[in-house]
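Undergrad:
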Amino acid sequence: MTSVYTMDEPDERNRLDAMAQGVIGKPLDRLEGPLKVSGKATYAAEYRIPNCVEGVLVTATIARGQVTAIDDEAVLQMPGVIAVLSDDRMTARAAQGGAGKSPVRKVRDVQYYGQPVALVVAKTFEQARHAAKHLRIRYREEPDPLVDPEDERATFEPFEDPTVQGDLDQAMDAAAHAVDVVYTTEGHNSAAMEPHASIAEWDGKTLTLHSSLQMLRFNRKELADALGLDADNVRLASPYVGGGFGSKLGISPEGAAASVAAITLKRPVRVVLLRQQVFQCIMRRSETRQRLRLAADAEGRLIGFGHEAWVSNLPEEEFAEPVLQASEFLYPGDDRKLDLEVTRIHRVTAGSVRAPGEAVGMQALEGAMDELALAMEIDPVELRLRNIPERHPTLDIPYSSRKLEECLRKGAERFDWDGADRTPCKKREGDWWIGTGMATATRVHNLNKAEARVTFRADGSVEVASDMTDIGTGTYTVLQQIAAEMLGVDPGRVEVHLGDTDFPPGSGSGGSWGAASTGSAVFQACEGIRSKLAAKLGCAEDELTLKDGHAVTGNRRIAIADLLGDEALTEHARFKPGKITEAFAAAMYGAFFAEVAVNVYSGEVRVRRFTGAFSMGRVLNAKTATSQCMGGMVWGIGSALTEELAFDQRDGHIVNPDLAEYHVPVNLDVPHLDVLLVEERDPAGSPLQAKGVGELGICGAAGAIANAIHHACGVRVRSFPITPDKVLAGLPEV
Amino acid sequence: MKGFDYSRAEAVTHAAEQAREGARLIAGGTNLLDLMKLEIERPDALVDINRLELGGIERTEGGLRIGALVSNSACAADERIRRDYPILARAILAGATFQLRNKATTGGNLCQRTRCYYFYNRDQPCNKREPGTGCGAIGGVNRIHAILGASEACIATYPGDMAVALAALDASVEVSGRDGSARMIPVRAFHRLPGDHPERDNVLEAGEVITAVVLPEPVGGTQIYRKVRDRSSYAFALVSVACVIAMEEGRIGRASLAFGGLAHKPWHDPGVEELLVGNEPSDALFDKAADVLLAEAKGQGANDFKIPMTRRVLKGVLREATGRAV
Chain A
1 MTSVYTMDEP DERNRLDAMA QGVIGKPLDR LEGPLKVSGK ATYAAEYRIP
51 NCVEGVLVTA TIARGQVTAI DDEAVLQMPG VIAVLSDDRM TARAAQGGAG
101 KSPVRKVRDV QYYGQPVALV VAKTFEQARH AAKHLRIRYR EEPDPLVDPE
151 DERATFEPFE DPTVQGDLDQ AMDAAAHAVD VVYTTEGHNS AAMEPHASIA
201 EWDGKTLTLH SSLQMLRFNR KELADALGLD ADNVRLASPY VGGGFGSKLG
251 ISPEGAAASV AAITLKRPVR VVLLRQQVFQ CIMRRSETRQ RLRLAADAEG
301 RLIGFGHEAW VSNLPEEEFA EPVLQASEFL YPGDDRKLDL EVTRIHRVTA
351 GSVRAPGEAV GMQALEGAMD ELALAMEIDP VELRLRNIPE RHPTLDIPYS
401 SRKLEECLRK GAERFDWDGA DRTPCKKREG DWWIGTGMAT ATRVHNLNKA
451 EARVTFRADG SVEVASDMTD IGTGTYTVLQ QIAAEMLGVD PGRVEVHLGD
501 TDFPPGSGSG GSWGAASTGS AVFQACEGIR SKLAAKLGCA EDELTLKDGH
551 AVTGNRRIAI ADLLGDEALT EHARFKPGKI TEAFAAAMYG AFFAEVAVNV
601 YSGEVRVRRF TGAFSMGRVL NAKTATSQCM GGMVWGIGSA LTEELAFDQR
651 DGHIVNPDLA EYHVPVNLDV PHLDVLLVEE RDPAGSPLQA KGVGELGICG
701 AAGAIANAIH HACGVRVRSF PITPDKVLAG LPEV
Chain B
735 MKGFDYSRAE AVTHAAEQAR EGARLIAGGT NLLDLMKLEI ERPDALVDIN
785 RLELGGIERT EGGLRIGALV SNSACAADER IRRDYPILAR AILAGATFQL
835 RNKATTGGNL CQRTRCYYFY NRDQPCNKRE PGTGCGAIGG VNRIHAILGA
885 SEACIATYPG DMAVALAALD ASVEVSGRDG SARMIPVRAF HRLPGDHPER
935 DNVLEAGEVI TAVVLPEPVG GTQIYRKVRD RSSYAFALVS VACVIAMEEG
985 RIGRASLAFG GLAHKPWHDP GVEELLVGNE PSDALFDKAA DVLLAEAKGQ
1035 GANDFKIPMT RRVLKGVLRE ATGRAV
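Chains A and B, in that order, give the protein sequences.
Heads up: the first sequence runs through residues 1 to 734, numbered per this note's numbering.
Heads up: the second sequence runs through residues 735 to 1060, numbered per this note's numbering.
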């Protein structure tokens, strides 16, 4: 039987703090860490399956048109080549996160440069790749496809109903201080280390896919839909995922292609995307253009707030970079206008990449806030402190636990922030201007439904199972800690099995909801087990203390194994976010403080110090949470300074589709990252009092760096990434 | 990757014999293997020269001879190079990564190919990769491209760092011909401008094998290698300046400069050096040097910034080298 926890109200019981094992929140090492560093964790492409052959995708070299013919004769004569497939069960795009249905399938209808159009299968990977490069595709090309959002033919349509409240124009006129600025950001690639990879096996009825995916519960349906199979006949396995960052939320083209090939050829087929293909046919974060209007009264309190954004996507896609997500709730202002518009262009699918929305929306907003603070000549920290609204400015609902003020104050103290005089060009060391900047961090808290099964085995060990994934974040470990804490056992006695659709459907990893959602299902299952144990002991569940493999109630103490006898206890639990998601504005908060150096000659920027103070509800594991925050800050450096998908404006192809020319930060770009976790319990966040952590560290990080650049050298760059050429353009003569 | 024959050369003459049309010599392979996987390079034969006795750094009359197979890491770590040719060590360390420098060789580094985006994409036109197909970078994304010496056929840049320092040092490339004869090619004349034949990066003839790089007598002075790039490591130069300057009684006694990121070859302009030598250092003089260097500079749009960037960085380097740092 499955017990269900529907979260309609805050869970004030704070049960985890009442438990006795004392492992929740502890900085435990990742339990699968030794496997990963010794090469024993098997990733999707690494299974040795007898009789397996290799497929390589062929991608379109035009932006828009029809495939009229695939001349496969020559390729089929090449050494080792087994088949050339171009089948409408294959997918032409990656699925959006949570789609649960197949993405666009018509591979011969080319909608973007880089779209998969065929699969070449050969005995070896090298043979398949070589043949794929020589497969001749004939097209009927449509002239002048729209590939550039700056193209004058591009038209933008509202993506959703805009938030319009009061009269922003009037507030701007009436404001004592106002800022009206446009920021831009460029496209990003998720750039996970592990490329998308699948091995498909078909037994005539059931399709098994070893793949690298974030949300198996949805991915199973997506693949089944693409293949025309019943979802029960599709099994997915992703026990280890080498990074996702949004790009593996939905199935990607290699999964369906490998499956079609396995079904057609009746043998296992492996397809691994080439690094260039990861860029060309998975997901990009849309470029954005953002207009920010901030109207403040004489005290620096926002009376008007405008944030409008223009983004792009392919035709038919139901996703637009949610740039305004944080702007809906972070700052006050009775007169508001928030409007997100999208244009349809023929570039690779735009989808979720690392904190969709806040990652780019917050860096622009926090840049504009810095400009307002400068105009008012007040400490930018002080400006933020004066603008913490009491209730959600549009929905008029309360916030759940919000430690923004503590993060601002503690972060400032830790960094030794001096915001009194923000005049630029005050400090120089040799050829470098030195400056500091700050920004607020926030990210909406998401919950997702999740199931998990927990078994207290007769020997006193525990097994946790869910199809939840661990994409390198520490999920295995935090679920282990939750179960260990709730059931009073050493974490080493808890086995966690994830990433297989044979297990109960978890929340998947995405939107920072994984730990709080699937963790709550594990929690709920453990509560069920506790109730059964209490019944055995004839006590109330909350009179039961479980610690070190023993149950204690009143003056009785009994070993769990003795209590269980030969019988294992299993609980299957389902967690569902209910009315709670509408009742509160729930989010994670933080504050960034950065020190940068700007070269007076070249405009190069180096981050010298970077502090982040974050609150995310209960910290389930201080080490993995800190690492998540650090990772976000690293991506923040990339977003601020280096990351940019460059598109050829003529045919929409990505010119820098590899990690040599798409610049993610390298070690030398990243200074010591100082992460401060601000203690919090959020009863509205989850039954664990935890919220999400994965994405918070990037949300606003680039804004702090941009603001520090201005403080250092007086150049305000409103176009991210802030590459040396852009800084140079504003530097004084030397 | 296209199938290929593999053979191991046991002697330089042997390598030269096998280095026929369609064959490639392989040493570290750090660039060649990537290009082969992408089928930008499609040799039908690889001649492995790693067993040749071309390692080691030896003294010559006055200078040093760096064997073609000396790894970049070993070269940059050599005590004599760090002491007498610090600009070379610094340039090498400014390039690539530890892992690549461990594998990359002195001779191979000279032969690394451009990073032009269009060269790297087989589905785009590129006169360097496929002569006669056109240049995708002109009118395309050309932020990293040349501002000096480009042609209508090609605006690619030579991407390396080591050769820029070697050009400033006026080193020579020792080459063995198919008949066993040796010739010396000044580094400054080793790489070509694209002209109508951008498919040819350098002046090596078929069958020629680089056997060493020969450094002249140590020149002393202040040696600076300044590389401007988009990130702190593992990024090619937007602009780089290799500068060797010796002051004599308050005047610039000797000056030798070369530039990376500007052209299809490490850029060397004797006019810049002539202008500087014999004069007292001043900002006005440095501005004039930049005027001479950039007189013919032409941007392609996205790389226009390289002109002011070069001007400013050159000025900073000259100030530092002449002791006039502000």
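Backbone N, C-alpha and C define an ideal beta-carbon position, used for all residues, glycine too.
Is the Cβ of residue 739 of chain A closer than 8 Å to any Cβ of chain B?
TA: No answer is possible for residue 739 of chain A: it lies beyond the span of chain A, which begins at 1 and ends at 734.
Undergrad: For the beta strand (DSSP E) holding residue 713 of chain A, just list the boundary residues, first then last.
TA: First-last for residue 713 of chain A: 701-713, but that is the alpha helix (DSSP H), not the beta strand (DSSP E).
Undergrad: Taking 8 Å as the threshold (C-beta atoms), are residue 624 of chain A and residue 469 of chain A in contact?
TA: no
Undergrad: Using a Cβ cut-off of 8 Å (strictly closer), state whether residue 601 of chain A contacts chain E.
TA: The chain inventory of the structure shown lacks chain E, comprising the protein chains A and B.
Undergrad: Could you pull the DSSP bridge partners for residue 849 of chain B from this structure?
TA: Answer is none; residue 849 of chain B lacks a bridge partner.
Undergrad: Can you list, in chain order, the residues of its chain with a C-beta nearer than 8 Å to that of residue 695 of chain A? Leave out the 5 residues immediately preceding and following it.
TA: 354, 355, 358, 359, 443, 511, 512, 632
Undergrad: If you run the structure through DSSP and keep just helix, strand and coil, what is residue 473 of chain A?
TA: The answer is coil: DSSP assigns residue 473 of chain A none of H, G, I, E or B.
Undergrad: Go to residue 860 of chain B, then tell me how far its beta strand (DSSP E) extends in each direction, as first and last residue.
TA: First-last for residue 860 of chain B: undefined, no H or E at that position.
Undergrad: Mind pulling the chain B residues with CB within less than 7 Å of residue 656 of chain A?
TA: Simply 851.
Undergrad: Measuring only between beta-carbons, confirm whether residue 668 of chain A sits less than 8 Å from chain B.
TA: Output row for residue 668 of chain A: interface = yes.
Undergrad: I want to see whether chain A comes within less than 8 Å of residue 967 of chain B, judged by CB atoms only; does it?
TA: Chain A, which has a Cβ nearer than 8 Å to the Cβ of residue 967 of chain B, makes this yes.
Undergrad: Expressed to the nearest angstrom, what Euclidean distance is found between the alpha-carbon atoms of residue 967 of chain B and residue 528 of chain A?
TA: 53 Å
Undergrad: Hey, residue 269 of chain A and residue 261 of chain A are a contact pair by Cβ (cut 8 Å); roughly how many whole angstroms apart?
TA: 4 Å
Undergrad: Residues in the stretch 1036-1048 of chain B with C-beta within 7 Å of chain A's C-beta atoms, listed in sequence order?
TA: 1039, 1042, 1043, 1046, 1047
Undergrad: Over the uninterrupted beta strand (DSSP E) stretch that includes residue 957 of chain B, give me the two end residues.
TA: 956-962
Undergrad: Taking 8 Å as the threshold (C-beta atoms), are residue 320 of chain A and residue 340 of chain A in contact?
TA: yes
Undergrad: Sort B:736, B:969, B:1011 by Cα distance to residue 75 of chain A and report the nearest one.
TA: B:736
Undergrad: Can you tell which of A:48, A:422, A:295, A:259 has its C-alpha closest to the C-alpha of residue 172 of chain A?
TA: A:295
Undergrad: Contact criterion: CB-CB distance below 8 Å. Does residue 1032 of chain B meet it with respect to chain A?
TA: False, the Cβ-Cβ gap to chain A never drops below 8 Å.
Undergrad: What did DSSP end up calling residue 361 of chain A once you bin it into helix, strand or coil?
TA: The three-state reading of DSSP puts residue 361 of chain A in helix, counting H, G and I together.
Undergrad: Anyone know if the C-beta pair for residue 1056 of chain B and residue 986 of chain B falls short of 8 Å?
TA: yes
Undergrad: Count the other CB atoms within 10 Å of the CB of residue 44 of chain A; is the residue buried (16 or more) or exposed (fewer)?
TA: That one is buried.
Undergrad: Using beta-carbon positions only, say whether residue 573 of chain A and residue 5 of chain A come within less than 8 Å of one another.
TA: yes
Undergrad: In this structure, how does DSSP classify residue 1024 of chain B when only helix, strand and coil are distinguished?
TA: helix
Undergrad: Against chain B, does residue 665 of chain A count as a neighbour if the rule is that its beta carbon must be under 8 Å from one of theirs?
TA: Yes, its Cβ sits closer than 8 Å to a Cβ of chain B.
Undergrad: Restricting to runs no shorter than 4 residues, where is the alpha helix (DSSP H) found entirely within the stretch 460-522 of chain A?
TA: 475-487
Undergrad: With a cut-off of 8 Å, do at least 3 Cβ pairs link the stretch 565-584 of chain A to the stretch 1001-1021 of chain B?
TA: no
Undergrad: Which one or two residues does DSSP pair with residue 576 of chain A in a beta bridge?
TA: A:6
Undergrad: Determine the burial state of residue 289 of chain A: buried for a count of at least 16 other Cβ atoms within 10 Å of its Cβ, exposed for fewer.
TA: buried
Undergrad: Using the C-alpha atoms, what's the distance from residue 544 of chain A back to residue 534 of chain A?
TA: Rounded to the nearest whole angstrom, the CA to CA distance from residue 534 of chain A to residue 544 of chain A is 6 Å.
Undergrad: Can you check DSSP and say which residues form a bridge with residue 182 of chain A?
TA: A:291
Undergrad: Taking its Cβ as the centre, do 16 or more other Cβ atoms sit within 10 Å of residue 1007 of chain B, making it buried, or is it exposed?
TA: Burial check for residue 1007 of chain B: the Cβ neighbour count within 10 Å reaches 16 or more, so the residue is buried.
Undergrad: Quick one: is residue 133 of chain A near chain B, going by C-beta distance under 8 Å?
TA: yes
Undergrad: For residue 3 of chain A, tell me which candidate among A:552, A:429, A:532 has the shortest Cα-Cα distance.
TA: A:532
Undergrad: Residue 764 of chain A touches chain B at which residues, Cβ-Cβ below 7 Å?
TA: In the structure as shown, chain A starts at 1 and stops at 734, and residue 764 of chain A therefore has no counterpart that could be examined.
Undergrad: Given residue 155 of chain A, which residues of its chain have a CB within under 8 Å of its CB, disregarding the five upstream and five downstream residues?
TA: 343
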